[in-house]
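Peer 1: Provided herewith is a single structure, encoded as structure tokens, for subsequent inquiry.
Okay, here's the thing in structure tokens:
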């Protein structure tokens, strides 16, 4: 080994002197401290790297595609086994659920919206619009309308009450079935059809229609029996009212319905009737 230069000798002396000083002060040697620091740093990097590449837990909630706005314009809904008659369309109950904690309307909206909102219990308590009822000779109650126009037992396999049940697995033509129920079950009829001779509007809802919707809800309630509800809104049918309710009215806090909860993004989710 070659002799150290005077510079290297002085540098070695300085290092030894510094180490002695650190020992006297109770501090580990610079070399040891640096080595341990390096080990800790590398360990942190490895840990972080493992966290990044670890497989995340799967969310048990199923996230489905958002329903397109064309439904608001009157696009025909999927065939419903429930016939839109004694039950309401709940097809969006979990459609937009993002897995977040669901909260009530009172928990989600601010004080100003809460103070102005119409509050309902999720039920429509009216009957067919009196103008339409008198014009077409529709009976004054659901029971009378059903019994005086053939009666029978209602079921999902026999929605018209004729006694002829369709076979399980065979889809019914809900629109054709509803057409037969104009006087026997107006709610079922008006869910998919307008008053005879009236044109169905498929464009976006106007502010005037929205105001009329809120007026009817305030007077008669809302949340089910959308066929009957629609008889008060010219040119609209029940499933259009149901879609407008979920996608506009509830989403903007214009009506508070206890049967719905809200995701963190403000999407109303149907959670069931709470009588």
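In UniProt numbering, the protein residues as written are 1 to 275. Cβ atoms here follow ideal geometry from the backbone N, Cα and C, with glycine treated the same way.
So, for residue 175: in the same chain, excluding its five sequence neighbours on each side, which residues have a beta-carbon less than 7 Å away from its beta-carbon?
Peer 2: Cβ neighbours of residue 175 beyond the five flanking positions: 192.
Peer 1: Exposed or buried, which one is residue 9 when buried takes at least 16 other CB atoms within 10 Å?
Peer 2: Result: exposed.
Peer 1: Give the range of the alpha helix (DSSP H) segment to which residue 108 is assigned.
Peer 2: Segment 105 to 108, the alpha helix (DSSP H) holding residue 108.
Peer 1: Should the region 211 to 222 be regarded as contacting the region 119 to 127, the criterion being three or more beta carbon pairs within less than 8 Å?
Peer 2: Touching, yes.
Peer 1: Please list, in chain order, all residues of the same chain as residue 103 whose beta carbon is under 7 Å from its beta carbon, the five residues on each side excluded.
Peer 2: 261 and 262, listed in sequence order.
Peer 1: I need the straight-line Cα distance from residue 138 to residue 110, nearest angstrom please.
Peer 2: Those two C-alpha atoms are separated by around 43 Å.
Peer 1: Please work out which residues of its chain come closer than 8 Å, Cβ to Cβ, to residue 251, disregarding the five sequence neighbours upstream and downstream, and give them in chain order.
Peer 2: Contacts found: 266, 267 and 268.
Peer 1: Kindly give me the distance between the Cβ atoms of residue 145 and residue 186, rounded to whole angstroms, as I take these residues to be in contact under 8 Å.
Peer 2: 6 Å between Cβ atoms; contact.
Peer 1: Between which two residues does the alpha helix (DSSP H) carrying residue 186 extend?
Peer 2: Counting along the chain, the alpha helix (DSSP H) containing residue 186 begins and ends at 186 to 192.
Peer 1: Which residues in the same chain have their Cβ closer than 7 Å to the Cβ of residue 129, if we skip the five residues on either side of it in sequence?
Peer 2: Correct list, in chain order: 231 and 232.
Peer 1: Please state whether the Cβ-Cβ distance between residue 229 and residue 238 is less than 8 Å.
Peer 2: Yes, they are a contact pair.
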